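Enquirer:
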Amino acid sequence: MKTKVGNDKMFNFFVYFFAILMIFIIVYPLWFIIIASFSDSTAVANGEIWLLPKKIQFDAYRELFKQSLIWSGYKNTIIYTAAGTLFQLIVNVTAGYAMSRKDFLGKKFWTIYFTIPMFISGGLIPTYLTVKQFGLVDNRLAMVLPFAVSCYNIIVIRTFFKSNIPDSLWEAAQMDGCSTFRYFIQIVLPLSKAILAVIGLWSAVGIWNSWFDAMIYLTREELQPLQLVLRRLLIINESLIKQGSGDLAARLQNLSDKMKYAAILVSTLPIMCLYPFLQKYFNQGVMVGSIKE
Amino acid sequence: MSKDNKRKNKRYYAYAIKKSVPLYIMILPAVVILFCFTYIPMSGIIIAFKEYSPAKGILDSPWVGFKHFIRFFKSYQFGNTLKNTLSISIYSILVGFPLPIVLALLCTQIKQGFFKKFFQVTTYLPHFISTMIMCGMILLFLSPSNGVISHILSFFHMQMPNIIGEPGKFSSIYVWSDVWQNVGWDSIIYLAALSAIDPTYYEAAIMDGASKWQRIKNIDIPLILPTAMILLILRSGSVLSVGFEKVFLLQNQLNMTASEVISTYVYKLGLLNAQYSLSTAINLFNTVINLVVLLSVNQISKKLTDNSLL
Chain S
1 MKTKVGNDKM FNFFVYFFAI LMIFIIVYPL WFIIIASFSD STAVANGEIW
51 LLPKKIQFDA YRELFKQSLI WSGYKNTIIY TAAGTLFQLI VNVTAGYAMS
101 RKDFLGKKFW TIYFTIPMFI SGGLIPTYLT VKQFGLVDNR LAMVLPFAVS
151 CYNIIVIRTF FKSNIPDSLW EAAQMDGCST FRYFIQIVLP LSKAILAVIG
201 LWSAVGIWNS WFDAMIYLTR EELQPLQLVL RRLLIINESL IKQGSGDLAA
251 RLQNLSDKMK YAAILVSTLP IMCLYPFLQK YFNQGVMVGS IKE
Chain F
1 MSKDNKRKNK RYYAYAIKKS VPLYIMILPA VVILFCFTYI PMSGIIIAFK
51 EYSPAKGILD SPWVGFKHFI RFFKSYQFGN TLKNTLSISI YSILVGFPLP
101 IVLALLCTQI KQGFFKKFFQ VTTYLPHFIS TMIMCGMILL FLSPSNGVIS
151 HILSFFHMQM PNIIGEPGKF SSIYVWSDVW QNVGWDSIIY LAALSAIDPT
201 YYEAAIMDGA SKWQRIKNID IPLILPTAMI LLILRSGSVL SVGFEKVFLL
251 QNQLNMTASE VISTYVYKLG LLNAQYSLST AINLFNTVIN LVVLLSVNQI
301 SKKLTDNSLL
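Just so you know, the protein sequences line up as chains S and F, in that order. UniProt numbering applies: residue 1 is where the first sequence begins, and numbers increase by one. UniProt numbering applies: residue 1 is where the second sequence begins, and numbers increase by one.
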């Protein structure tokens, strides 16, 4: 018995050791981005920054916010996220509700209709050609309309309604002469705040972080979302600062490197502000999705 | 009698239809959008068997049978992209499938309280970082001249190689950065499965003097196996579709031999070189293989472990 206890002590030590190591591996890169964006750019370039910022400065942010591209990107992303989330919520929740009703005629057919797209898709080119035919290339609607339906979300929502809203409620409401629409808006929706929050937050994060559709459907600079502006800055390594301000080339290079850290922080901040709300619904979100019929 | 029944039936249907009308109105937007932007493109797959030109349109372009498929199978890029896609994907499953299970088991061993909460919140956090930011971070940190890792190495008087330009390192960068970003998030489902285990199992095991390790080995792991199998099946269904976004963003001229996967090749051929038909054919090949793998893994799993999707 004693040896077992000894074993468990050893075991506990390893558990906490690996847990702390894991936290460090995840937190350090994020922390480094924060301190690097506030430190002196030469110190960042020379590798003098480890745990705390050095000579706190805000020049990277000042330079970043001078860029009209960042502002237009931010504005576009907010528009797409707000409109897209609202639209996705309306479309998917109403469809999910209809699918959850027992007396819905043709339910089997529509279940298949919403299942097929989860496994088969037309692929890039046919989809592109279709979107183009609808005249949505270089149109803000391309970010909101074509891919608003999420079959997976519809099934999650349907499952939620089925298991959380009793059939007897609808029967009772019907007796009292309540119409479907009124029942849905006044009774079902208020009872479903949890699922609305989960789906809404998921859609919002998804749209905020997306860029591929924007890259292929929006070619005009003034329509592009923040993530595509970041692509130019972070991946293509385009310097946004105009040359010829009298600075040394090396200093300019260091500053534009530092601007990358600042840009990462600025563009991720809104998601991080949502994080406490998201967190509340983590387990719920994953669990609702995993329940089968 | 039968007439009466028929009439009753008719009345019933009339009633059911009337009751379903508002539901049809509610489902309509989703149905229309899905039809326009998913089902119409599905029918567009036929251009894989045609010589599509935008001037003629889909219907009037001439049929060419399997020409585009044969052209792809014979081309140099076929072997290369297939090899790259498979190696990244299998590497990704080998590492990315077991680690969330390990993390979940680790997490359940931490005592309830602030530390556990903190551990969970931090491990989930990177999941919400966008792919773009993630790739930006990878490029910044791995930069051979002034990335943070090169500074750490120079502290030990070591030279930082240009990892991001080395074809051999590409799959490792892809897989391990993915682990960093998603291991916590992917463990949630296992945590849920673990919390559903009946506590009397543990009580009985403790009575019999089982150590913590023995409890994990003999209770936890067997009981989360069904969940794990289902997730493995789902994952195998996308064995030929490595996440396009990340590969595309991390690609550069130097690592191209290892980083050109099927999806990036489809994108370049189709949208940059306007080879619509060839690109669609390659994509269709990809979809078919994915479906076949999904169904066969599902079958195998059904036979071996009694767990399956369908």
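Just so it is clear, CB atoms sit at the ideal spot from N, CA and C, and this is done for glycine as well. Since we're looking at a predicted model, the values are computed, not measured.
(1) How about Y190 of chain F and A281 of chain F: do their beta carbons lie closer than 7 Å?
(2) So, using beta-carbon positions, are T81 of chain S and I207 of chain S closer together than 7 Å?
(3) How about the region 28-41 of chain S and the region 253-270 of chain S: do they share at least three Cβ pairs that are nearer than 8 Å?
(4) Would you grab the beta carbon distance between V247 of chain F and Y174 of chain F for me? Rounded to a whole angstrom, and I think it's under 8 Å.
(5) Is the shortest distance between the beta-carbon of V137 of chain S and the beta-carbons of chain F less than 7 Å?
(6) Go ahead and pull the three-state DSSP assignment for Y13 of chain F.
(7) Would you call the CB atoms of L294 of chain F and G237 of chain F closer than 7 Å?
(8) For H151 of chain F, decide whether its Cβ has a neighbour in chain S, counting only Cβ atoms nearer than 7 Å.
(9) Tell me which residues share the same chain as H68 of chain F and place their Cβ nearer than 7 Å to its Cβ, disregarding the 5 neighbours each side in the sequence.
(10) Using DSSP bridges, identify the partner residues of K50 of chain F.
(11) Within its chain, find whatever has a CB closer than 8 Å to the CB of L272 of chain F; leave out the 5 residues flanking it on each side and keep chain order.
(12) Can you name the residues of chain C whose CB is closer than 8 Å to the CB of I197 of chain F?
(13) Can a CB atom of chain F be found closer than 7 Å to the CB of V93 of chain S?
(14) So is E245 of chain F in contact with chain S if we call contact Cβ pairs under 7 Å?
(15) Assuming A30 of chain F and N92 of chain S are in contact, meaning their beta carbons sit under 8 Å apart, how far apart are those beta carbons, in whole angstroms?
(16) If we cut at 7 Å on Cβ distances, does N153 of chain S have a partner in chain F?
(17) Going straight from the alpha carbon of A204 of chain F to that of I199 of chain S, what length do you get?
(18) Could you check which residue in S:S121, S:F184 and S:K75 has the C-alpha nearest to that of P22 of chain F?
(19) Please list the partners that R231 of chain S has in chain F, where partner means a Cβ-to-Cβ separation under 8 Å.
(20) For I88 of chain F and A14 of chain F, what's the separation of their Cα atoms in angstroms?
(21) Taking the alpha carbon of F160 of chain S as the reference point, which residue from S:P190, S:G84 and S:Y97 has its own alpha carbon closest?
(22) Whose Cβ in chain S lies nearer than 7 Å to the Cβ of K19 of chain F?
(23) According to DSSP, is S130 of chain F part of a helix, a strand, or is it coil?
(24) Check each residue of the region 279-300 of chain F: if its Cβ is closer than 7 Å to any Cβ of chain S, include it; give the result in chain order.
(25) Taking the alpha-carbon of M229 of chain F as reference, which of F:A192, F:S172, F:V292 and F:K302 has the nearest alpha-carbon?
(26) Which class does E245 of chain F belong to by DSSP, given the choice of helix, strand or coil?
(27) Determine, using beta carbons only, whether Q227 of chain S and M132 of chain F come nearer to each other than 7 Å.
(28) Inspect the beta-carbon positions of L196 of chain S and L278 of chain S and report whether they are closer than 7 Å.
(29) For R220 of chain S, name the three-state secondary structure that DSSP assigns.
(30) Can you find a heavy atom of the ligand SAM that lies under 6 Å from the Cβ of G165 of chain F?
(31) Roughly how many whole angstroms lie between the Cα atoms of N164 of chain S and K102 of chain S?
(32) With 16 other CB atoms within 10 Å as the buried threshold, where does C273 of chain S fall?
(33) Within the same chain, show all residues whose beta-carbon is closer than 7 Å to that of K162 of chain S, passing over the 5 residues directly before and after it, in chain order.
(34) Taking 7 Å as the limit between beta carbons, can you name the residues of its chain near Y217 of chain S, skipping five residues before and five after?
(35) So which residues of chain F does F181 of chain S contact, with C-beta pairs closer than 7 Å?
Expert: Reading it off the structure:
(1) no
(2) yes
(3) yes
(4) 7 Å
(5) no
(6) helix
(7) yes
(8) yes
(9) A48, S277, L278 and A281
(10) F:W63
(11) none
(12) Structure shown: chain C not included; protein chains present are S and F.
(13) no
(14) yes
(15) 7 Å
(16) no
(17) 41 Å
(18) S:F184
(19) M132 and L249
(20) 56 Å
(21) S:Y97
(22) D103
(23) coil
(24) S279, T280, N283, L284, T287 and L291
(25) F:K302
(26) helix
(27) yes
(28) no
(29) coil
(30) What this structure holds is no ligand at all, so the ligand SAM is not there to describe.
(31) 14 Å
(32) exposed
(33) S100
(34) V131, L136, V137 and A142
(35) P22
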